[in-house]
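*Asks:* Counting in the working numbering, the sequence shown tops out at residue 400, every number present.
Glycine is no exception: its CB is placed at the ideal position from the N, C-alpha and C atoms.
Dumping the structure here so I can ask a few things about it.
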Amino acid sequence: MVGSVPVGGGAPITVQSMTTTKTADVEGTLAQIYALKAAGADIVRCTCNEKEAAEGLAQIVPRSPVPIVADIHFHVEMALAALEAGVDCLRLNPGNLRKAEEIRLVARECKDRGVPVRIGVNAGSLDPRLMKKYGGATPEALVESAQVELGLFAEEGFDNVKISVKASNVPLMIEAYRQLSEVTDHPLHLGVTEAGPPPAGTIKSTAGIATLLCEGIGDTIRYSLTTDPVEEAKAGRVLLEALGLRKRTSVDLIACPACGRAEIDVYKVAQEAQAALENRQIPLQVAVMGCVVNGPGEARSADLGIAAGRHRGHLFIRGEIVRVVPEDEMVAALVDEAEKLVAEGFEARLAAADKTAATEAEADRLALLDHRGADANGSQARVDLIAKRLNSQPGASTEP
Ligand code: SF4
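Here it is as structure tokens:
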């Protein structure tokens, strides 16, 4: 348990993030913690790097909506001060706090207070002795670092521990966690450290974390992105929702990539819909489709969607057209219908459908098909051209 949040042992996978404020700034840090919770964080870490930070934690912990982990960096005094402040968990980096007697002291204090520890091994700050032994930060070196720390804790009879073996190199991080999961049953905290700014940082983190989660490895996750930490929490939540590891509480917006058939600026409408819906408690899959010719059919598994055609928006619920609205009211209509769906349910909203909408949509669909033809991207003309070019070359043949 990290405070009131279970980690490991079959508990739901949790999302973590870290504040970027000075921990001594109590109000600023609490504001960020609340924003992180709203974005999907279950547990938040704060730095405890100086006396003022520890004093700040003493005021933050009782007012925080989520359990607080203190990162204590290099000094054992900061670990003890964070414990006095009442934090729910400590993060110790074996590469930074290296003296065995200090590690044992922290273990004893945590054991007495029932406070868990994350052993947070990091490839970039690995103990030089292990770097020398393995010739660098290898998966084996990362795992051994965690095991050495576990051994010191075990000498004190302390095993209330979760572990991370992070690296910024994704294949290294994946292999380290795989090896670690073979040698320990402690809960694992997953992350790609120093992943960098989005989108590359988000992609790298997802590659590492999702690969492991799909192998059944990992109990809690953190995206380490060089951006507002709210984006970290959001990314973690979205990943868990996408993998079906967390109950959806907010919208899942899907949209077609647009093509020659698109009747609207799909990117713009999708972004407007995302902005209008994303911070609401609307656990629906909502589709924005560029045309009514293919849209409602292609997105029939979505709970709700809108497809464009002949300057109108065709609103559909699970593939069934329920309303036709002017093009400039598409996003507003989508938001309105999403709210009603959540409040009234699918049956009621399908029963309230405009009975003429399906006929109007079909008329628009047929008119568009008639106008643009079945091959709206003009692919057939290109195929014909390629065949013609190849056939005109000496000795060329289209026959196998
Ligand atoms: S056919 Fe229509 S729905 Fe499909 S990608 Fe093109 S515009 Fe979007």
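Mapping the DSSP letters down to three states, classify residue 370 as helix, strand or coil.
*Replies:* helix
*Asks:* Do you know whose CA, among 143, 155 and 186, lies nearest residue 166's CA?
*Replies:* Residue 166 has its Cα closest to that of 143, out of 143, 155 and 186.
*Asks:* By alpha-carbon positions, which one of 208, 150 and 30 ends up nearest to residue 171?
*Replies:* 208
*Asks:* For residue 213, report the span of its beta strand (DSSP E) as first-last.
*Replies:* Premise fails: residue 213 lies in the alpha helix (DSSP H), 200 to 214, not in any beta strand (DSSP E).
*Asks:* What are the boundary residues of the beta strand (DSSP E) that includes residue 320?
*Replies:* Taken as a continuous stretch (DSSP letters only), the beta strand (DSSP E) holding residue 320 covers 320 to 326.
*Asks:* Any chance you could list the alpha helix (DSSP H) runs of at least 4 consecutive residues sitting entirely within the region 209 to 289, in chain order?
*Replies:* As for any alpha helix (DSSP H) of minimum length 4 sitting wholly inside the region 209 to 289, the runs are 229 to 242 and 266 to 277, ordered along the chain.
*Asks:* Would you mind working out which of 291, 273 and 34 sits nearest residue 284, comparing C-alpha positions?
*Replies:* Nearest option by C-alpha distance: 273.
*Asks:* Consider the C-beta atom of residue 289 and the heavy atoms of the ligand SF4; say whether any pair is separated by less than 7 Å.
*Replies:* yes
*Asks:* Looking at residue 312 and residue 331, is the spacing between their C-beta atoms short of 8 Å?
*Replies:* In this structure, residue 331 keeps its C-beta atom at 8 Å or more from the C-beta atom of residue 312.
*Asks:* Cutting at 7 Å between CB atoms, please list the residues of its own chain near residue 385, excluding the five before and the five after it.
*Replies:* none
*Asks:* Can you round the beta-carbon distance between residue 19 and residue 46 to whole angstroms, since I take them to be within the 8 Å contact cut?
*Replies:* 5 Å
*Asks:* Closer than 8 Å by C-beta to residue 342: which residues in its own chain qualify, once you throw out the five before and the five after it? Chain order, please.
*Replies:* Closer than 8 Å at Cβ, skipping near neighbours: 281, 282, 283 and 284.
*Asks:* Please say whether residue 201 and residue 220 have beta carbons closer to each other than 8 Å?
*Replies:* For residue 220 and residue 201, no; Cβs fall outside 8 Å.
*Asks:* Quick one: is the Cβ of residue 313 within less than 7 Å of any heavy atom of the ligand SF4?
*Replies:* Residue 313 Cβ: outside cutoff for every heavy atom of the ligand SF4.
*Asks:* Thinking C-alpha only, which one of 1, 16 and 15 is nearest residue 9?
*Replies:* 1
*Asks:* I need the DSSP call for residue 389, collapsed to helix, strand or coil.
*Replies:* helix
*Asks:* Once DSSP output is grouped into helix, strand and coil, what is the label at residue 413?
*Replies:* The chain is shown from 1 up to 400; residue 413 falls before or after that span and cannot be answered.
*Asks:* Are residue 95 and residue 122 closer than 8 Å when you measure CB to CB?
*Replies:* Yes, Cβ-Cβ distance for residue 95 and residue 122 is below 8 Å.
*Asks:* My output table needs one value for residue 352: the three-state DSSP class, helix, strand or coil.
*Replies:* coil
*Asks:* So, is residue 204 buried or exposed, given that buried needs 16 or more other C-beta atoms within 10 angstroms?
*Replies:* buried
*Asks:* How many Å lie between residue 366 and residue 293 at the Cα?
*Replies:* 8 Å
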